[in-house]
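Following: one structure in structure tokens, then a few remarks.
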Amino acid sequence: MSDRKYLHTERAHYMCPNMHFGIVAEIGAEFDENRIIKSIDVLRSAHPLMRSLIAKEQGSSGIYYEEQSELEIPVTIKKVNDNWQTDYEAVSSAGWNVQKEALLKVFVYPSESGTRVLFITHHLLCDGRGLLQLVREFADYYANDVKPQPVDEKLMESLNDLPDGSNLGFISKLLIKDANKKWRKEGHKVSYEEYLKFERDHDSKQDIKRKIMNIDEEELDTLLDLCRENGVSLNDYLVAKMMIDESTDRVVIASDIRNKIKNYKEGALGNYATAFGVVVKKKSSEIIELAKAVDHEVGSIISKPDKEMLVLSCYFNMDPELLDAIAISTLGNFESKAGRFVGSKMFGYEKRDGHCITNLGRVESSVISEAIFIPPASPANRKAWGVLTINKKMRICSIHSR
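In the working numbering, the protein residues as written are 837 to 1238.
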């Protein structure tokens, strides 16, 4: 079927553990269980990917989003004092069968300010900005009856959807071509059932600690003034802080590319982000000096599409079934030299000592008073920060994989 939405860059999230993340938000509207269910149904009607499971195409390696007209989004109503972190941990430890389970799970709690919601999504549904949009759409309808506009998601399908000049350089292309060749020569592949067994075993051994850092309006204003005076962004400052705190010279940051790619439809779910490593070899304990070096490095990367889009170009150039095998052959017991090479040398799954920041930006909202973004605990990372600022209240969720 020509109108099927296939996984392309999303394929990297299909057979990889810990590809889920969340947002917990305080909504200033009276708790109403029926209204909650209706609001989720309104969102589901607006977004085809929300009512889809992942399916395998018969007779090919194609994996696609298959719409299910009766698919329900699981909504769990909790008590006032229940801890959202406990519910998040329960989802994390249970694994996620994307062929049978909806790509979004919702928990709702009555709270002093009205209603608290926890949205947990699989990365196959959207990126961080997409989830923030979904939470805001929920809050707007739940509190004010504002319906989201229906949109037919159009995903990235080839290198042609990226900015001109995004393709890999000669050496990177050669490495991936060689990995593809070795993979095909091995003549085997990972079934989804094999992956699910590996995922359950992997999740049972996880030791992930989460900590919330609160930066309120006065402290945030001071930070913003400091950044403006020195010509750096708040994100540059945060990257520099992580480098100093963690004694590292490399931090991966997520980058929203909705305004750079050719097929993004406003309001669509899906993945419209890339990520790149910011490396600053200069040692400095002075945070502003380091932030200026970060700013220079980020500017250099985003001015060159082949650098900014490197990870997406890798996905487009790699055999999809090799992408499936990377996590299990590096972290599990599936034997693939090609998969292990890519997982250890290119994806960082062997050392597992990466550092990452995803900042969803600053939002003003009349219905959401504050929110926390819980970043994915990627197998490549030892430490990750999820940053979200609502109404001048910045919340940093720090996760540490041990």
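Don't be surprised by glycine CBs; every beta carbon is placed ideally from N, CA and C. Please read these numbers as outputs of a predicted model, since none were measured by experiment.
Every unbroken beta strand (DSSP E) inside the segment 898 to 982 [3 residues or more]:
Correct list: 899 to 903, 911 to 913, 940 to 947 and 950 to 958.
What do you get for Asn1169, buried or exposed, if any count of 16 or more other CB atoms within 10 angstroms of its CB means buried?
Its Cβ having fewer than 16 others within 10 Å, Asn1169 is exposed.
Looking only at its own chain, which residues have a Cβ that is under 8 Å from the Cβ of Ser1040, when we skip the five neighbours before and after it?
Cβ neighbours of Ser1040 beyond the five flanking positions: Ser929.
Can His1038 and Leu1159 be called in contact, C-beta distance under 8 Å?
The answer is no: Cβ separation not under 8 Å.
Measure the CB-CB distance between Gly1023 and Tyr924 and report whether it falls below 8 Å.
Not closer than 8 Å, so no.
Please name the residue, chosen from Ser1027, Asp963 and Trp920, that lies closest to Thr912 on a Cα-to-Cα basis.
Nearest neighbour of Thr912 by Cα position, chosen from Ser1027, Asp963 and Trp920, turns out to be Trp920.
Based on Cα-Cα distance, which residue from Lys1228, Asn1217 and Ile1226 lies nearest to Ser1234?
Out of Lys1228, Asn1217 and Ile1226, Asn1217 has the C-alpha closest to the C-alpha of Ser1234.
State the CB to CB distance for the pair Ser871 and Tyr978, rounded to an integer number of angstroms; the pair is presumed to be in contact (CB under 8 Å).
According to the sequence provided, residue 871 is Arg. The question's Ser does not apply to it. With 8 Å as the limit, Arg871 and Tyr978 qualify as a contact, their Cβ atoms being about 6 Å apart.
Reduced DSSP secondary structure (H/G/I, E/B, other) of Gly1175:
Three-state result, Gly1175: helix.
Determine the closest residue to Leu1070 out of Leu1148, Phe1006, Val878 and Ile1193, with distance taken between C-alpha atoms.
Looking from the CA of Leu1070, the closest CA among Leu1148, Phe1006, Val878 and Ile1193 belongs to Ile1193.
Looking at the strands, I want to know which residues DSSP matches up with Glu1206.
In the DSSP output, where bridge partners are listed per residue, Glu1206 has Glu862.
Let me know if Phe1034 comes out buried or exposed under the rule of 16 or more other beta-carbons within 10 Å of its beta-carbon.
A residue is called buried once 16 or more other Cβ atoms fall within 10 Å of its Cβ, and Phe1034 is buried on that count.
To which residues of the same chain is Ser1237 closer than 6 Å at the C-beta, ignoring the five residues directly before and after it?
In chain order, Ile1044, Ala1213 and Arg1218 place their CB closer than 6 Å to the CB of Ser1237, counting only its own chain and leaving out the 5 sequence neighbours on each side.
Please report the straight-line C-alpha distance between Ile863 and Ala975, rounded to a whole angstrom.
Answer to the nearest angstrom: the Cα atoms are 7 Å apart.
Leu940 and Leu968: beta carbons closer than 8 Å?
Not a contact, by the Cβ cut-off of 8 Å.
Using a threshold of 8 Å, state whether the C-beta atoms of Gly1222 and Ile1204 are closer than that.
Between Gly1222 and Ile1204, the CB-CB gap reaches or exceeds 8 Å.
Quick one: Cα of Met837 to Cα of Asp877, how far?
Low local confidence applies: a pLDDT of 43 at Met837 is under 50, so the model's placement there is unreliable, and no value is given.
By Cβ distance, which residues of its chain are closer than 6 Å to Gly1113, with the 5 residues on each side in sequence left out?
Arg1086 and Val1088, listed in sequence order.
Name, in chain order, the residues that DSSP records as bridge partners for Gly1106.
Cys962.
Here's a check: name, in chain order, each residue in its chain whose Cβ is nearer than 7 Å to the Cβ of Asn785, leaving out the five neighbours to either side.
This structure does not reach residue 785, given that the chain is present from 837 up to 1238, and the question cannot be answered.
In the DSSP assignment, find the unbroken alpha helix (DSSP H) run with Ile1164 in it and report its ends.
Looking at the DSSP string, the run of the alpha helix (DSSP H) that includes Ile1164 is Pro1156 to Leu1167.
Mapping DSSP to helix, strand and coil, what is Cys1192?
It is a strand residue.
Nearest candidate by alpha-carbon position, reference Ala1111, set Arg1231, Glu1082 and Pro1141:
For the residues Arg1231, Glu1082 and Pro1141, the minimum Cα distance to Ala1111 belongs to Pro1141.
Ignore the nearest five residues each way along the sequence and tell me which others in Gly931's own chain have a CB closer than 7 Å to its CB.
Hits under 7 Å: Leu1032, Glu1035, Arg1036 and Asp1039.
Coil, strand or helix - Tyr850 by DSSP
Correct three-state label for Tyr850: helix.
Got a sec? Which residues, its chain only, sit under 8 Å from Tyr1108 by beta carbon, not counting five neighbours each side?
Cβ-Cβ distances below 8 Å link Tyr1108 to Asp963, Arg965, Gly966, Met992, Asp1092, Ile1093, Arg1094, Ile1097 and Tyr1100 in the same chain, with the five nearest sequence neighbours on each side left out; the list follows chain order.
If Gln904 sits next to Leu889, beta carbons under 8 Å apart, how far is it from one beta carbon to the other, in whole angstroms?
Correct: roughly 6 Å between the Cβ atoms.
If we require 3 or more residues per run, which beta strand (DSSP E) segments fall completely within the segment 1011 to 1056?
Correct list: 1044 to 1051.
According to the Cβ coordinates, are Ala1161 and Lys1021 closer than 8 Å?
No.
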